[in-house]
Amino acid sequence: MPREPSVTDAAGVPRGDIAETLAEAVFSGRYAIGDTIPREVDLCERFGVSRSTVRSALQKLVNAGLLVRVSGQGTRVCELSAWHLLDPQVSAWMAHYAQPNPHLQREVFAFRVGVEPFVASLAATHATASDLLAIENAFEGMLRTLECEDLHWQGQSYNDYDVAFHEAIFAASHNLIWAQISHVLKPAIALIVERSNQSATLHSAKDLDDSMARHRRVMEAIRLRQPQEAAEAALSVLKRTGRDLGMEDLVINPPAIVMPLPMTELNEENR
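Listed below in structure tokens is the structure:
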């Protein structure tokens with residue numbers, strides 16, 4: 050039987066947001082995949098609310114792909130493949146509550162390994178002056194925070210600037226889909242960045258210096274319009290992250306980046 054999630058706040062008052070409480074229980078793994086959650090009547094009693102309120106909360110998680118109602122069997126936690134991870138609400142839940150769930154973290158990191166080298170190569174081809182400035186500003190923020198005892202500069206933390214660095218690269222790809230995916234997954238990516246940087250900080254300052262050197266190589270390759278070098282530098286950053294997280298097995302060497310020919314060259318080849 051799964052351990053029942055806490056439904057009270059620090060003052061012992063039942064939480065008002067039932068969907069939030071249940072989402073926390075699912076993403077933290079207290080309700081595992083395939084587990085049956087308490088019956089509606091039990092949730093009503095536990096939270097002190099009406100059945101319609103409970104049903105509304107459950108429907109929110111059903112719509113997010115987290116739960117499924119099975120006739121005669123109750124409501125169960127869905128397989129991970131059914132979860133709507135690109136839903137902004139689901140992404141936010143994942144960032145807030147998924148830290149104890151290693152499988153989910155591996156999925157997010159595997160996504161980054163699969164796309165970030167290619168996105169960096171696109172940024173090296175399409176980045177504008179304002180894109181480069183955003184990347185450089187984020188990198189400078191990372192540097193500045195390392196000079197501060199609390200790792201904060203101008204109201205933002207090292208992790209904030211690190212996430213902004215990667216988000217700026219996605220934006221510099223000038224591909225609407227990649228940019229939107231980056232925005233939606235920002236909370237989940239921030240969780241991975243935070244865990245990786247925490248591990249590096251615990252080891253030594255040299256680890257953070259090494260991470261900064263790898264980020265700098267990505268920035269320079271994009272600035273110099275070197276797509277393949279940008280992809281390789283992005284992979285180097287991910288290798289470092291994988292080592293910090295104990296997920297080195299997910300980092301594989303990417304294929305050579307083949308950039309599309311300009312339309313003028315394509316037209317000449319087709320004559």
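For the sequence shown, my numbering begins at 50 and goes up steadily by one.
Beta carbons: idealized from backbone N, C-alpha and C, even for Gly.
(1) Assuming contact is defined by CB atoms lying nearer than 8 Å, are Leu135 and Cys127 in contact in what I supplied?
(2) For the putative contact between Ala239 and Ala169, defined by C-beta atoms under 8 Å, what is the C-beta separation to the nearest angstrom?
(3) Cutting at 6 Å between CB atoms, please list the residues of its own chain near Val300, excluding the five before and the five after it.
(4) Are the CB atoms of Met296 and Ala237 within a distance shorter than 8 Å?
(5) Based on Cα-Cα distance, which residue from Glu69, Gly97, Cys197 and Glu185 lies nearest to Val111?
(6) Under the three-state reduction of DSSP, which class applies to Val31: helix, strand or coil?
(7) Distance check for Tyr80 and Gly61, CA to CA, integer angstroms please.
(8) Can you tell me which of the three DSSP states Trp132 falls into?
(9) Taking only runs of the alpha helix (DSSP H) that begin and end inside the segment 201-283, which ones reach a length of at least 4 residues, in chain order?
(10) Could you please give me the residues that DSSP links to Gly174 through a beta bridge?
(11) Excluding the 5 residues flanking Arg193 on each side, which residues of the same chain have their C-beta closer than 7 Å to its C-beta?
(12) Three or more C-beta pairs under 8 Å: does that hold for the segment 197-214 against the segment 99-106?
(13) With a 10 Å radius around its C-beta and 16 neighbouring C-beta atoms as the bar for buried, classify Pro166 as buried or exposed.
(14) For the candidate residues Arg272, Val119, Arg125 and Leu71, whose alpha-carbon lies nearest to that of Thr177?
(15) For Arg104, name the three-state secondary structure that DSSP assigns.
(16) When the Cα atoms are used, what is the spatial distance from Ser130 to Ile218?
(17) I need the DSSP call for Val117, collapsed to helix, strand or coil.
(18) Any idea which residues DSSP pairs Thr85 with across the strands?
(19) What did DSSP end up calling Arg79 once you bin it into helix, strand or coil?
(20) Taking C-beta to C-beta, are Arg274 and Ala173 nearer than 8 Å?
(21) Is Asp66 helix, strand or coil when you go by DSSP?
(22) Please return the same chain residues whose Cβ sits closer than 6 Å to the Cβ of His215, not counting the five positions on each side in sequence.
(23) Report buried or exposed for Asp199, applying the criterion of at least 16 other Cβ atoms within 10 angstroms of its Cβ.
(24) Helix, strand or coil for Ala59 per DSSP?
(25) Among Thr85, Ala72 and Val98, whose alpha-carbon lies nearest the alpha-carbon of Lys109?
(26) State yes or no: is the C-beta of Ser284 within less than 8 Å of the C-beta of Arg244?
(27) Would you kindly work out how many angstroms separate the C-alpha atoms of Ile67 and Ile241, rounded to a whole number?
(28) Along the alpha helix (DSSP H) that carries Met33, what are the first and last residues, could you check?
Reading off the structure:
(1) Residue numbering aside, residue 135 sits at position 86 when the sequence shown is read from its first letter. Residue numbering aside, residue 127 sits at position 78 when the sequence shown is read from its first letter. Their beta carbons are not under 8 Å apart, which means Leu135 does not touch Cys127 by this criterion.
(2) Residue 239 sits at position 190 when you count from the first residue of the sequence shown. Residue 169 sits at position 120 when you count from the first residue of the sequence shown. 19 Å between Cβ atoms; not a contact.
(3) Position 251 of the sequence shown, counted from the start, is the residue given in the question as residue 300. Answer for Val300: Val162, Leu287, Lys288 and Gly291, listed in chain order.
(4) As a working mapping, residue 237 is identified with position 188 in the sequence shown. As a working mapping, residue 296 is identified with position 247 in the sequence shown. Their beta carbons are not under 8 Å apart, which means Ala237 does not touch Met296 by this criterion.
(5) Position 62 of the sequence shown holds residue 111. It is Glu69 whose Cα lies nearest to the Cα of Val111.
(6) The shown model of the chain, from 50 to 320, leaves out residue 31, and the question about it has no answer.
(7) Within the sequence shown, residue 61 is the residue found at index 12, counting from 1. Within the sequence shown, residue 80 is the residue found at index 31, counting from 1. Any reading at Gly61 is ruled out, since the residue's pLDDT is 35, under 50, leaving its predicted position unreliable.
(8) Translated into the one-based positions of the sequence shown, residue 132 becomes position 83. In this structure, Trp132 counts as coil in the three-state DSSP scheme.
(9) 207-221, 225-233, 235-252 and 254-272
(10) For this step, residue 174 is matched to residue 125 along the sequence shown. It is Thr, not Gly, that sits at residue 174 in the sequence shown. Paired residue(s): none; Thr174 is not in a bridge.
(11) In the sequence shown, residue 193 corresponds to position 144, counting from 1. The answer, listed in chain order, is Trp202.
(12) no
(13) Your numbering for residue 166 matches position 117 in the sequence shown. Answer is buried; the Cβ neighbour count reaches 16.
(14) Translated into positions along the sequence shown, residue 177 becomes position 128. Residue Arg272 is the option with its Cα nearest to Thr177.
(15) In the sequence shown, the residue the question calls residue 104 occupies position 55. Arg104: helix per DSSP, three-state reduction.
(16) By one-based count along the sequence shown, residue 130 stands at place 81. By one-based count along the sequence shown, residue 218 stands at place 169. Distance between the alpha carbons of Ser130 and Ile218 is about 28 Å.
(17) To locate residue 117, count along the sequence shown from 1; it is residue 68. Residue state, collapsed to three classes: strand.
(18) One-based indexing of the sequence shown puts residue 85 at position 36. According to DSSP, which records beta bridges pairwise, Thr85 is partnered with Arg125.
(19) Within the sequence shown, residue 79 is the residue found at index 30, counting from 1. Looking at Arg79 - three-state DSSP - the assignment turns out to be coil, as it is neither helix nor strand.
(20) Counting from 1 along the sequence shown, the entry for residue 274 is found at position 225. Counting from 1 along the sequence shown, the entry for residue 173 is found at position 124. A contact, by the Cβ cut-off of 8 Å.
(21) Residue mapping note: residue 66 aligns to position 17 of the sequence shown, counting from 1. In this structure, Asp66 counts as coil in the three-state DSSP scheme.
(22) On the sequence shown, residue 215 is found 166 positions in, with the first residue counted as 1. Nothing listed; no residue qualifies.
(23) Translated into positions along the sequence shown, residue 199 becomes position 150. The residue in question, Asp199, is exposed, as its Cβ has fewer than 16 Cβ neighbours within 10 Å.
(24) In the sequence shown, the residue the question calls residue 59 occupies position 10. Any reading at Ala59 needs caution, since the residue's pLDDT is 36, under 50, leaving its predicted position unreliable; the model's value is listed next. Here Ala59 sits in coil by DSSP.
(25) Position 60 of the sequence shown holds residue 109. Selected option, being the one with the closest Cα: Ala72.
(26) Taking the first residue of the sequence shown as 1, we reach residue 284 at position 235. Taking the first residue of the sequence shown as 1, we reach residue 244 at position 195. Checking the displayed sequence, the identity of residue 284 turns out to be Leu instead of Ser. Cβ distance not < 8 Å, so Leu284 and Arg244 don't count as in contact.
(27) Position 18 of the sequence shown, counted from the first residue, corresponds to residue 67. Position 192 of the sequence shown, counted from the first residue, corresponds to residue 241. Those two C-alpha atoms are separated by around 27 Å.
(28) As displayed, the chain neither begins before 50 nor continues past 320, which places residue 33 out of reach and without an answer.
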